[in-house]
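**Student:**
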Amino acid sequence: MRATSASRPFPLVLVVALAASLLTGLAATPAADAAPLGTPCQSSGTWTQGELDVWFLDVEQGDAQFIVGPTGRTMLLDLGENVWNRTTNTNAQMVAQTIRDICDVPSGPVHIDYVLASHLHLDHIGYAGNPHDTTAYGNGIYELLDPGQLGFTVGELVTRDAGYWQDSNGDGDCEVGTNASPSPDVVYTNAGTMSSTGRRWICWLYGPSGQADRANIEGRVTTLTNDMPSWPSFDMGPGVTAEVLQANAKGIMQADGVTPVAGDHVDDPVPPSENDYSVAVKFTYGNFEYATAGDADGEYATSSFGYSYNDIETPLGPLFGNVETMRVNHHGSSHSTNTSYVADLAAETAVIQCGNNSYGHPAANVLDNLAQTITDDGVGSDVYMTNNPCDPNVGTVAGAFNSNGDIHLVTTTGGAGYELRYDTGTNAYVARDDASEIGGGSGGGGGGGTGDPTQVVIAEARTRGPGGASDEFVEVVNTSGGDVDVSGWALEGCAGGSGNASNRATVPAGTILAAGQHLLFGNNGYTGAAAADLTYSTGISDSGGVRIVDAAGVFVDGVGSSSGGNSECREAGGLVWPTSGADEAATRDAGNTDTDDNAADFTVAAADPENLASPFDGTGGGSGGGGGGSGTVTDLLINEYVPDNNAFANEWVELYNPTGTDIDASGLQLDDIAGGGGSPQTLPSGAIVPAGGHYVFQISGYLLNNTGDDVRLLTADGATVIDSHSYGSSADDQSWRRSPDGGTWCGAYGSATQGTSNPASC
Amino acid sequence: MVRTLAAGLTTTTLLLVAGWLLLDVGPVTAEPDVGRPIVLVSGRDDHGLVASDEVALLAEPALEGDEVVVTTLADGTLVRVLGDDGGSWLNVVPLDGGPGGWIDDFHLRGTAHVVGEEQACPTALHASVDGPVLRELRASEQVELLDDHTTEDGRRWVGVRSVQGGVVGLVPAATLSQQPGPPPVPGVDCATIEPDPEAVPHQH
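Chains as they are written, first to last, in my numbering: chain D, 1 to 762; chain G, 1 to 204.
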């Protein structure tokens, strides 16, 4: 709940200061009449009717995105500045002209449906003016929307809930204060490293009605508060969903696992970074999905500058799920874009908005994580940068697209694909539907646990094809029931004469093969339809072979020619490679049976190479640790719950799916003690508990007693108890939980891990 | 238009400032109820990162491009606030001497971290210069800056109020830093700081 009382003492000094101000003529700026709306985006503009356009605007070291829906509805997401007191040649003036050009508005104000501020830093919102200023400050979003400046109008100005104006001195306006005379007019709700940038923003957004610079935002401010029953969506036109997934670090705990990031931490010895309160938004149009999350961090650490980094990304990743495009958080900071986040998003394209800086943006670890991401197109995200280089000490990022200027993303054929247009060209991409994406559940395989590395086998291979002797490929598949980390594994080729093996290609770090997933190696001359995930250039002899070794060089699987002497690749007597030049390959049977006898296990068949993005084999269960097996609702477990919510907006119950397939929990009921207490609550439609994953049900109102109760998961008809647990007296935001996931219940409550894996032990 | 400090601070503060300037400051017997006549110059951005090692001290308030620079002050310099312009500009003079001028509040901070000589160790909060210890300040504890005093032998002390706890006392100026020191190292012994039970803390 929002605080209603002042958090700081009432200062006599401000009364004196106000009196002095009034005596010297510094009265509040007179009110202005509400301005007429600006001109909406015209169909004659450069945006694309029937598609979703996203412009990543080059504002140097900062962010600004302009998004236009298929019918011309618009959103400006951030408008950062580089210099706080700049009033000429500002980014706001440049962005205003760009928007006019896009919207074909020759001059004057444009009406934007939404302006959204991700968080309250200069490089995202600019610096707001205040009526008490004696120098004419105001750039960024303020300059854009101030009727006395650029005068653009807005349907909704959306911001996170950092604080609000409380007229503590009763003078009718919001003073920002100075460090010599702090003002109590701003009361913080969710804040850590608050700066004058943030205080000015709050004073402008929530200041008195009638204040001239507020005329275009009066009554149009939407604050994303943590007591909202659900985050809002925005109307960007038919077929587009634009939904908030996170703001104010709601539900995220600090490193101690107990203290929420949300709340007023301004006076904490080590407050959370303002970055961690960033708003995260997901846009979807057709198959195309885009994720943007401000400057959210992805680790727990303490900055030498006196604030904390908090891991917002890890729990945010599953909320986004697989997307086509991600905006790289925090301009490529080393504290963001963690491996879990990039794995969840599996974005084929990643945009880094950065400019000249001394912060090390973009960081090498971020670029590495992006390069090693397994996407639906293979290994590695294509990186785009609004400037390249950004930090001179980092230097030019090799392989990144765009060197200076705006990047324009536009979907094609209603979101079936998309293009990224940059300074020297255009790249086109396919946008896959969810079922065809990594993590999309196609094929029915895949367990949540760790699979058996020895069950990764070569499924198909050839030493020549229609393209000649270099038209080679080797397809590997994970036949176990769980994930296998194949980082550092290698494809080796065996010489026809000596039979000795040597490296052809090494699998990048962070590569996980899910159950049933394929990995495709191809020689440079490979001509097959499925793109090779990894390539090599030294060919394989028709009398040679190939093998897979793990990161320690230990043989995993191999196939080789029966000719010649000893071969380090073949199993048993080896086989005869197809050499006709037809589009065929040595292929295992449909079940990928492996008896360690190449001649018995392989036959020559039409080639059907598959890669990381191909549908997974439906291996079902298996011996993977914890994974495998098809699931039903009766397999679901209550895994964790918080009866006594304080920082958490609601009581909640986390379900865990120990099986290898997703389970639809829609319609199941959650109840407290049988025969009494509250009424059962029904899980909503679309309540899917992913294989090996979690689903968190937010209880409406109150159901679970703080002093002890039962929590029960019931079938949809309420007749059968699927799982239950009894607990005693609870503490604020502490959870009762199993350890590890699906394990035995801990005897005492502990730090909550909502939506993520429980600790391995109590 | 320049307002003097008197226009912006309370009588209590003025009396305190005058008292500290005129008297050989002994025990802290009063504190400003509001207002911080001492602030730190900051070249840091919203993220707390150093955007500039030096901050321009201007002849008068001005926007970017119109500045008349008197001198530059290093990030972390302690300055005395002489007045303001009714807005966000403060008229300041460095405590260590040099010309005065104007700096916008964007580049000033009213709080600092107390980082002792042993940077990962606590620091004593004294009731007066070299006086009894009121309490122990944790390593890098945040304090509000209140005022300063220079001893006859040239040592500068600063009156501070702990952000958490509200205790007012004095620390050597050299222990104040905009940036916290390194975190305490487990197992490393620090000198024992024992508060004097006779010293009366000023709680708020």
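We treat Cβ as the ideally placed atom computed from N, Cα and C, and that holds for glycine.
Would Q211 (chain D) count as contacting chain G if we go by Cβ distances under 8 Å?
**Tutor:** no
**Student:** Just the Cα atoms here: how many angstroms apart are M236 (chain D) and A262 (chain D)?
**Tutor:** 29 Å
**Student:** Buried or exposed for V69 (chain G), please, with buried defined as at least 16 other CB atoms from any protein chain shown within 10 angstroms of its CB.
**Tutor:** exposed
**Student:** Counting contacts by CB-CB distance shorter than 8 Å, is T159 (chain D) in contact with chain G?
**Tutor:** no
**Student:** If you draw a straight line from the alpha carbon of G294 (chain D) to that of W84 (chain D), how long is it in whole angstroms?
**Tutor:** 19 Å
**Student:** In whole angstroms, give me the CA-to-CA distance for W201 (chain D) and P182 (chain D).
**Tutor:** 16 Å
**Student:** Out of D:H119, D:T595, D:L704, D:I638, which has the shortest C-alpha to C-alpha gap to N329 (chain D)?
**Tutor:** D:H119
**Student:** Is there contact here, the segment 92-105 of chain G with the segment 124-138 of chain G, by at least three beta-carbon pairs under 8 Å?
**Tutor:** As far as the Cβ criterion goes, the segment 92-105 of chain G does not touch the segment 124-138 of chain G, which means the pair count is below three.
**Student:** Between the beta-carbon of L157 (chain D) and the beta-carbon of I102 (chain D), is there less than 8 Å?
**Tutor:** no
**Student:** Helix, strand or coil: which one does DSSP assign to L345 (chain D)?
**Tutor:** helix
**Student:** Examine chain G for any beta-carbon lying closer than 8 Å to the beta-carbon of S336 (chain D), and answer yes or no.
**Tutor:** no
**Student:** Residue range of the alpha helix (DSSP H) that D368 (chain D) falls in?
**Tutor:** 364-371
**Student:** When we look at the beta-carbon of R155 (chain G) and count the other beta-carbons within 10 Å, is it buried (16 or more) or exposed?
**Tutor:** exposed
**Student:** How far does the beta strand (DSSP E) with I99 (chain D) in it reach, from first residue to last?
**Tutor:** Not the beta strand (DSSP E): I99 (chain D) falls in the alpha helix (DSSP H), residues 91-103.
**Student:** What does the Cβ neighbour count give for Q142 (chain G), buried or exposed, with the cut at 16 atoms within 10 Å?
**Tutor:** Within a 10 Å sphere around the beta-carbon of Q142 (chain G) sit 16 or more other beta-carbons, which makes this residue buried.
**Student:** So the alpha helix (DSSP H) N598 (chain D) belongs to, where does it begin and stop?
**Tutor:** 598-601
**Student:** I'd like to confirm the pairing. Which residues does DSSP put opposite Y300 (chain D) in its beta bridges?
**Tutor:** None, per the DSSP bridge assignment.
**Student:** Measuring alpha carbon to alpha carbon, tell me which of D:V240, D:A552, D:S498 ends up nearest L491 (chain D).
**Tutor:** Among D:V240, D:A552, D:S498, the Cα nearest to that of L491 (chain D) is on D:A552.
**Student:** In the structure shown, what three-state DSSP assignment does E472 (chain D) receive?
**Tutor:** Coil.
**Student:** Per DSSP, which residues does L513 (chain D) bridge with? Please list them.
**Tutor:** D:V484
**Student:** Could you tell me whether the Cβ of L108 (chain G) comes closer than 8 Å to any Cβ of chain D?
**Tutor:** So yes, L108 (chain G) belongs to the interface.
**Student:** Any residues in the segment 115-127 of chain D with a beta carbon nearer than 7 Å to a beta carbon of chain G? Which ones, in chain order?
**Tutor:** H121, L122
**Student:** Going by beta carbon distance, what residues of the same chain come within less than 8 Å of Q681 (chain D), once the five residues before and after it are set aside?
**Tutor:** Q669, L670, D671, F697, I699, S700, L703
**Student:** Measure the beta-carbon distance from S334 (chain D) to V366 (chain D) and round it to whole angstroms, keeping in mind my assumption that it falls under 8 Å.
**Tutor:** 6 Å
**Student:** Nearest to G98 (chain G) by alpha carbon, out of G:L78, G:D84, G:L90, G:P132?
**Tutor:** G:L78
**Student:** Any Cβ of chain D within less than 8 Å of the Cβ of L57 (chain G)?
**Tutor:** no
**Student:** Exposed or buried, what is G482 (chain D) when buried is set at 16 or more other beta-carbons lying within 10 Å of its beta-carbon?
**Tutor:** buried
**Student:** Between the C-alpha atoms of M94 (chain D) and G207 (chain D), what's the straight-line distance to the nearest angstrom?
**Tutor:** 27 Å
**Student:** Taking 8 Å as the CB-CB cut-off, is W102 (chain G) touching chain D?
**Tutor:** no
**Student:** When you check each C-beta in the segment 180-201 of chain D against every C-beta of chain G, which residues fall closer than 7 Å?
**Tutor:** A180, S181, P182, T193, S195, S196, T197
**Student:** For a contact defined as C-beta to C-beta under 7 Å, what are the partners of L90 (chain G) on chain D?
**Tutor:** T178, A180
**Student:** Below 8 Å on the Cβ atoms is my guess for T314 (chain D) versus G298 (chain D); work out the distance and round it to an integer in Å.
**Tutor:** The Cβ separation is near 7 Å, so the contact holds.
**Student:** Taking all protein chains shown into account, do 16 or more other C-beta atoms lie within 10 angstroms of the C-beta of T193 (chain D), making it buried, or fewer, making it exposed?
**Tutor:** A residue is called buried once 16 or more other Cβ atoms fall within 10 Å of its Cβ, and T193 (chain D) is buried on that count.
**Student:** Report the option in D:D542, D:C354, D:S336 whose CA atom is closest to the CA atom of N369 (chain D).
**Tutor:** Nearest option by C-alpha distance: D:S336.
**Student:** Whole-angstrom Cβ separation of E143 (chain D) and G155 (chain D), contact assumed at under 8 Å?
**Tutor:** Not quite, the Cβ-Cβ distance comes to about 19 Å (not below 8 Å), so this is no contact.
**Student:** Contact between the segment 243-253 of chain D and the segment 164-182 of chain D: three or more CB pairs below 8 Å?
**Tutor:** no
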